[in-house]
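Structure record follows, encoded as structure tokens.
There are 10 protein chains.
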Amino acid sequence: MTEERYTSLEQLGAQTGAPESPEAARLERVSNPAQGNDFLIRFTCPEFTSICPVTGQPDFAHLVIDYVPGEWIVESKSLKLFLTSFRNHGAFHEACTMMIGQRLVDEIAPKWLRIGGYWYPRGGIPIDVFGQWGECPKGVWVPDQGVQPYRGRG
Amino acid sequence: MTEERYTSLEQLGAQTGAPESPEAARLERVSNPAQGNDFLIRFTCPEFTSICPVTGQPDFAHLVIDYVPGEWIVESKSLKLFLTSFRNHGAFHEACTMMIGQRLVDEIAPKWLRIGGYWYPRGGIPIDVFGQWGECPKGVWVPDQGVQPYRGRG
Amino acid sequence: MTEERYTSLEQLGAQTGAPESPEAARLERVSNPAQGNDFLIRFTCPEFTSICPVTGQPDFAHLVIDYVPGEWIVESKSLKLFLTSFRNHGAFHEACTMMIGQRLVDEIAPKWLRIGGYWYPRGGIPIDVFGQWGECPKGVWVPDQGVQPYRGRG
Amino acid sequence: MTEERYTSLEQLGAQTGAPESPEAARLERVSNPAQGNDFLIRFTCPEFTSICPVTGQPDFAHLVIDYVPGEWIVESKSLKLFLTSFRNHGAFHEACTMMIGQRLVDEIAPKWLRIGGYWYPRGGIPIDVFGQWGECPKGVWVPDQGVQPYRGRG
Amino acid sequence: MTEERYTSLEQLGAQTGAPESPEAARLERVSNPAQGNDFLIRFTCPEFTSICPVTGQPDFAHLVIDYVPGEWIVESKSLKLFLTSFRNHGAFHEACTMMIGQRLVDEIAPKWLRIGGYWYPRGGIPIDVFGQWGECPKGVWVPDQGVQPYRGRG
Amino acid sequence: MTEERYTSLEQLGAQTGAPESPEAARLERVSNPAQGNDFLIRFTCPEFTSICPVTGQPDFAHLVIDYVPGEWIVESKSLKLFLTSFRNHGAFHEACTMMIGQRLVDEIAPKWLRIGGYWYPRGGIPIDVFGQWGECPKGVWVPDQGVQPYRGRG
Amino acid sequence: MTEERYTSLEQLGAQTGAPESPEAARLERVSNPAQGNDFLIRFTCPEFTSICPVTGQPDFAHLVIDYVPGEWIVESKSLKLFLTSFRNHGAFHEACTMMIGQRLVDEIAPKWLRIGGYWYPRGGIPIDVFGQWGECPKGVWVPDQGVQPYRGRG
Amino acid sequence: MTEERYTSLEQLGAQTGAPESPEAARLERVSNPAQGNDFLIRFTCPEFTSICPVTGQPDFAHLVIDYVPGEWIVESKSLKLFLTSFRNHGAFHEACTMMIGQRLVDEIAPKWLRIGGYWYPRGGIPIDVFGQWGECPKGVWVPDQGVQPYRGRG
Amino acid sequence: MTEERYTSLEQLGAQTGAPESPEAARLERVSNPAQGNDFLIRFTCPEFTSICPVTGQPDFAHLVIDYVPGEWIVESKSLKLFLTSFRNHGAFHEACTMMIGQRLVDEIAPKWLRIGGYWYPRGGIPIDVFGQWGECPKGVWVPDQGVQPYRGRG
Amino acid sequence: MTEERYTSLEQLGAQTGAPESPEAARLERVSNPAQGNDFLIRFTCPEFTSICPVTGQPDFAHLVIDYVPGEWIVESKSLKLFLTSFRNHGAFHEACTMMIGQRLVDEIAPKWLRIGGYWYPRGGIPIDVFGQWGECPKGVWVPDQGVQPYRGRG
Ligand SMILES: [Ca+2]
Ligand SMILES: [Ca+2]
Ligand SMILES: [Ca+2]
Ligand SMILES: [Ca+2]
Ligand SMILES: [Ca+2]
Ligand SMILES: [Ca+2]
Ligand SMILES: [Ca+2]
Ligand SMILES: [Ca+2]
Ligand SMILES: [Ca+2]
Ligand SMILES: [Ca+2]
Ligand SMILES: [Ca+2]
Ligand SMILES: [Ca+2]
Ligand SMILES: [Ca+2]
Ligand SMILES: [Ca+2]
Ligand SMILES: [Ca+2]
Ligand SMILES: [Ca+2]
């Protein structure tokens, strides 16, 4: 039942190990199935962890990525492996979030992309990072990400 | 009590089987009962399932369709049967969502239509697809779809 | 304590029966108490029921009506009785919702009015209808209706 | 520790009785502590009650007031006493809500003010009233009031 | 890294098709990793669909299964395939839910098992089915399933 | 695909009018498909309306019915028609709720039954009625109905 | 349509003023319509206000009353008027809540009664009061009141 | 309007400074106004802060205290001042929570008391402490505290 | 693993005491890691307390700070210590909130900054303060802060 | 300000690396500060990740641990490091959850302990694991963990 457009994919449907670093991860792409009509794709990634570059302790985040594809859409298993590759990567919240967005921009050349990084609290204060690239084409519907704000206790 | 406008409908109020494919499904339409004043119709469809074209495993989605009718409105039982017809259809999330929107556009020629496809997670990452067709007429009220974002656990 | 402006009302404060049809219901109005400064009035009506014109079975809806009054505001007991009058009225969701909005427009001549009809599911799919009349005056604050979307189960 | 600007206040920090009517209530004001930079102040008042002018029965409301101060900000204890003064005041929902907004406008001359009155249901139908005065200065951040809509039961 | 206990599994980690019926599905099991201390395992299955035996239309349910293992625990990929096998199976809500519970009881011989079947509404009325098998051993902690009740609209 | 046990049903799958009164409604039943193992069936009925016997105005309720079947289970379309038959029936909240439970007990002879009636507010005060019949057999799992409490505004 | 049992009621369906004190309020009762089978009645009263006996400032509470009737049930309009009568009554939270429960016990002699008083915060700290009278008969279903706890901000 | 029982109170209604330590704080009490009938009093205290004895950094908690009074009830302003007195007090979460409960037990001799301390996260992990003293008398209604669990992000 | 840009920081990773006043607190900054592409950083601070300048009693707030960095980003441990320094600082809600925003603007020269101060209720009425500085650059994504509104009880 | 009981701790307040495996992690303990009165301690741990022993892909969980201390309480920084040590550990959900509980039981000898492991979905089905050790002493208050159930989409 597999369409031709997917035959070049090397990770989807194959046994794959976890890439050792973001650099080692390969983002794969397939041609956009609805090119005549701009639309939005959202990935919600509640399973993300990286390393604090100063203390070496793990950090955790909930990430939401929105983009309007151009010629390509990202293959989602390769996206998952790319995110997994940050497991031993040391970077600050701001740098890490923006690096993920930038890499996707570089690899799939979307018309527009944004990423919301909702990090777990440190010192009682969570940091959220909201970045975007390009200008959203007119006529695209961009719903709010709607992630519930942090509230402490009570 | 049935108004004349509904007498041409063949599926509503009749015993109907499930169509075997999207192509086999017949979308029916009746004339717009409020043509002088543009308004919005929303269908919320939490019961949708199709097949992954690569693995053959079922996929599930929650769909919300908004449109501003032109001359026609879609008859809702025929819409239900159309959605049911994807049960054995193999397509990716992005393609499937956009195909549903396109078919409605082709059959009922709305002034504007959009579809939100909120897919159940695969590999820990759900995909949402947001497509729209045409330009929403001025003076139409378009509320947010307000579907709760995916959050993992905790 | 009753102000003069209310002395012409015939249903408020009186023993009233339920009107037998929308046509038989009398919407009453009093003069707008804040005419120099446009403002918004919202009625939330979770108790609404009508009849399916094809099957004769009851339908239910949650209605929210927003309007900016001109010279008049609608008296709320007469609104309640008007809504009650649909109990034996047969009409489709779209037609019924738009008819309620139109009648209010005809009777109280608001500067702007909109109605959200949030209908209970049939065939697993609820329909929402969003209509509006006129153009909202500048300088009016129009909050989102915020009705929670339908979600099925789970 | 009391700053000079507060020394003219007569109700704050003093033993005060409840004013007998809105007319008898004294709204007090102090000079705006951040005059060079327009900002928004929000009061949320879930404890409000007045009297129905027709039936003499009590009405209840949840009020939210937003304003951008000019030269003055309202002292909050005097606001509380002003709201308390409606306890024996007879007025309809629309009139009562707009009267509160107007009085604040008259007394503290804000650059912009709005009030949301969220009234408890009567006859199964709650009324919300949304009024505003003036034009909100550019560069002011005005968050949604976010009050949960009324939903009946279930 | 695979432990010996899993080497007999035939579906986990293998390419598997969807079984054509519940009878054709193979539930697999591995030995209980914590046999000395009774504990509870919960599976939440929001992706379930079967067929109405009268109308042939699809039904949908959200299922939650709790059990206290004896000698065996069920392998979760085989559980998923078993649930998938109901896709073309015709049975009423009550029968379908109880059949799933019974089959698990037959195959893995738990000390105790219960299943909550939360079905999507038909005719405006959802049905929930709550079954259990055996007696829960003392000293086992059994949290509430906490599935949000159905609420219609508003 | 219809099993033999359903062949005696006269309303399911047939064109049916709305019964004119509770007395005129026919509750139908089929044999319990899981008789060897007590279990619970829950119906959630958010679409219920009756008439106030004093004022003649409509009342609305959200009903939840739980029962443990004996020899019979109630057929759900006949239940829906039975509930519909209260549309022109005059009875107080307490009487109406208990009458529904009693009729089910009389017709299907369950081992145990309970009904929660969650009525829409009158005079600002909603009434809930909680009745039950018989003693719940040991070994049956009875989850909380979990209906959200009434909260007024704010 | 009024049943005989209601003919002795003097406040329901009549024009009534607000009683001036709890002592002046008349609680009325009618015979229990389901005496052979103990059941629970719940009133939710989000509109309650009294006076602080020390400061003279108004207090507000959300009250929930549960009872199992004996020979009588309380007529709900008279309950509403009784609660209204506390508007000018000075009492502490604990005393006021327990007094309401006691009065109901004295007037309608229920088999069991409890009252939850959920008071609005003073000094940043709300007080809840939970009282009950008598012993709940066996075989009565008593759902949790489920009032959301106070949480401050955030 | 002040009742005699309150005349011995020294802090309520008086100008009071913040006590410098828990030892310096005076808890005051008045006689139980409903001694013949055991009942529960709940204080919710979302404004609590103390000091980490190791790092000197502030800690924050949301506290909920439930008790069944004996001869005395605690005066709530003195409770507030007592809690305020921990502002410069160094103690661990467990010790601090239990110390508050113990002090109340010592001062007002309740029949039963419990305290839930819901502390803000440190190192990504919040600690809750649940202590109780004495045995709850039979016939007292003790609702769940219902504080929402901590959830991280997403 | 520490990058060079952080080597000048004096508080992060060091043993630090709590600064005695806002003036004594040192906000530290590091160079913006993504200067070519404007983005938003959000800090959520549910642990904030200061002193009422009139009564000397503690106040509490939940703060949310959004900013678009220019050349610098604020180091988060120094932000935490800055917020901690208000523990003994007397200021009104409006003044305190605006002072925090102004200090950040002075120290890190963001392109745009806003602060939402959500204060705990006093006199039953919470105050929220919403301030902003500068003009948000085009092409920056600024999500709603989404803090749940205050609701009293019920 | 550090009390004597903490002087033997080696990780708290010290620079610590992440332990390489559960075996390498050292759980530390201090004496129970409230030994005469059994109480409950709850840790909520939303940041947990381990490795699937079959596929090598990361798994994520939200853990909640409740225990009644005996002579010792666990030091929370050492608990955090212990949980961190599973980052490269391969184990199934059931085994991993039970191993954490067992290790705590071995190290701090609580009177009673339970752990709820709420794992992120795999194959669309999340697994929860609920284990406990020992018997909870009488007179201990054990609140529900209240973790929201998994719900898929919509
Ligand atoms: Ca939105
Ligand atoms: Ca808080
Ligand atoms: Ca919206
Ligand atoms: Ca999470
Ligand atoms: Ca809004
Ligand atoms: Ca669903
Ligand atoms: Ca908003
Ligand atoms: Ca539970
Ligand atoms: Ca409803
Ligand atoms: Ca439950
Ligand atoms: Ca309950
Ligand atoms: Ca509960
Ligand atoms: Ca409870
Ligand atoms: Ca938003
Ligand atoms: Ca309220
Ligand atoms: Ca609980």
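Residue numbers (my numbering), protein chains in the order written: chain R, 1351 to 1504; chain Z, 1351 to 1504; chain H, 1351 to 1504; chain D, 1351 to 1504; chain F, 1351 to 1504; chain G, 1351 to 1504; chain E, 1351 to 1504; chain V, 1351 to 1504; chain P, 1351 to 1504; chain W, 1351 to 1504. Just so you know, even glycine gets a beta-carbon here, dropped at the ideal spot from N, CA and C.
Given that Z/Lys1427 touches chain H, what residues does it touch there, using C-beta distances under 8 Å?
Gly1473
Taking Z/Phe1550 as part of the beta strand (DSSP E), name the residues at either end of that continuous run.
Here chain Z has residues from 1351 to 1504 only, and residue 1550 of chain Z is not among them.
Count Cβ pairs between the segment 1461-1478 of chain Z and the segment 1398-1412 of chain Z that sit closer than 8 Å; are there 3 or more?
Cβ pair count under 8 Å is three or more, so yes.
How many angstroms separate the CA atom of P/Leu1454 from the CA atom of P/Leu1377?
P/Leu1454 and P/Leu1377 have their C-alpha atoms some 8 Å from each other.
Which residue marks the beginning of the alpha helix (DSSP H) containing H/Arg1453, and which one marks its end?
His1443 to Ile1458
Buried or exposed for W/Pro1396, going by 16 or more other Cβ atoms inside 10 Å?
buried
Kindly give me the distance between the Cβ atoms of F/Thr1394 and W/Tyr1500, rounded to whole angstroms, as I take these residues to be in contact under 8 Å.
4 Å
If contacts are defined as beta-carbon pairs under 8 Å, then Z/Ile1458 and Z/Trp1483 qualify, I think. What distance do you get, rounded to the angstrom?
The pair is not a contact, with the Cβ atoms about 11 Å apart (cut-off 8 Å).
Across the segment 1477-1494 of chain F and the segment 1422-1440 of chain F, are there enough close Cβ pairs to call them in contact, namely three or more that are closer than 8 Å?
no
Using a Cβ-Cβ cut-off of less than 7 Å, give me the residues of the segment 1486-1502 of chain G that come near chain D, in sequence order.
Val1497, Tyr1500 and Gly1502
Along chain P, which residues have their Cβ under 8 Å away from the Cβ of V/Gly1406?
Gly1367 and Ala1368
Does the distance from the CB of P/Gly1363 to the CB of R/Val1404 come in under 7 Å?
yes
What does the alpha-carbon distance come out to for the pair V/Val1492 and Z/Ser1426?
Roughly 50 Å between the two C-alpha positions.
Exposed or buried, R/Gln1495, counting other C-beta atoms within 10 Å across all chains shown (16 or more means buried)?
Note on R/Gln1495: 16 or more other CB atoms within 10 angstroms of its CB, so buried under the neighbour-count rule.
Report all residues from its chain with a CB closer than 6 Å to the CB of H/Pro1369; omit the five preceding and five following residues, and keep chain order.
Ala1375, Leu1431 and Ser1435
For V/Pro1487, does the count of other Cβ atoms within 10 angstroms reach 16, so buried, or fall short, so exposed?
exposed
Closest to P/Glu1444 by C-alpha separation, out of P/Gly1420, P/Gln1361, P/Ile1401 and P/Asp1456, would be which residue?
P/Ile1401
Would you mind reading off the limits of the beta strand (DSSP E) that contains W/Phe1432?
Per DSSP, W/Phe1432 belongs to no beta strand (DSSP E); it is in the alpha helix (DSSP H), Ser1426 to Thr1434.
Are the CB atoms of E/Leu1390 and E/Val1490 nearer to each other than 7 Å?
Less than 7 Å divides the Cβ of E/Leu1390 from the Cβ of E/Val1490.
Just tell me which of G/Pro1372, G/Arg1379, G/Ser1371 and G/Glu1373 has its CA closest to the CA of G/Glu1360.
G/Arg1379
Hey, how far is the Cα of Z/Glu1373 from the Cα of Z/Gln1407?
21 Å
Run through DSSP, which three-state label would G/Arg1472 get?
In this structure, G/Arg1472 counts as strand in the three-state DSSP scheme.
In terms of residues, what are the limits of the beta strand (DSSP E) holding E/Asp1478?
For E/Asp1478, the enclosing beta strand (DSSP E) stretches over residues Ile1477 to Gly1484.
Pick from E/Asp1388, E/Gly1504, E/Gly1502 and E/Cys1446: whose alpha carbon is nearest that of E/Gly1481?
Per the C-alpha coordinates, the member of E/Asp1388, E/Gly1504, E/Gly1502 and E/Cys1446 positioned closest to E/Gly1481 is E/Cys1446.
According to DSSP, is D/Arg1379 helix, strand or coil?
Three-state DSSP puts D/Arg1379 in a strand.
From R/Gly1367 to F/Pro1419, what distance separates their C-alpha atoms?
32 Å
What did DSSP end up calling P/Arg1437 once you bin it into helix, strand or coil?
helix
Distance cutoff 7 Å, beta carbons only. Does F/Ala1374 sit that close to anything in chain G?
no
Is it buried or exposed, E/Gly1386, if we count other Cβ atoms within 10 angstroms and call 16 or more buried?
exposed
Identify each residue in the segment 1374-1400 of chain V for which the Cβ-Cβ distance to at least one residue of chain E is less than 9 Å, and report them in chain order.
Val1380, Asn1382, Pro1383, Ala1384, Asn1387, Asp1388, Phe1389, Leu1390, Ile1391, Arg1392, Phe1393, Thr1394, Cys1395, Pro1396 and Glu1397
Considering only their Cβ atoms, is the gap separating H/Gly1504 from W/Gly1502 smaller than 7 Å?
yes
Alpha carbon to alpha carbon, what distance is there between R/Ile1450 and P/Pro1383?
13 Å
Among D/Phe1442, D/Gly1473 and D/Trp1462, which one has its Cα closest to the Cα of D/Thr1399?
D/Phe1442
Verify whether the separation of the beta carbon atoms of H/Pro1471 and F/Pro1460 is less than 7 Å.
no
Could you check if D/Asp1456 is buried or exposed, using at least 16 other CB atoms within 10 Å of its CB as the buried criterion?
exposed
So, at 7 Å on beta carbons, what are the nonlocal neighbours of Z/Glu1485 in its own chain, with the 5 sequence-adjacent residues on each side left out?
Trp1462
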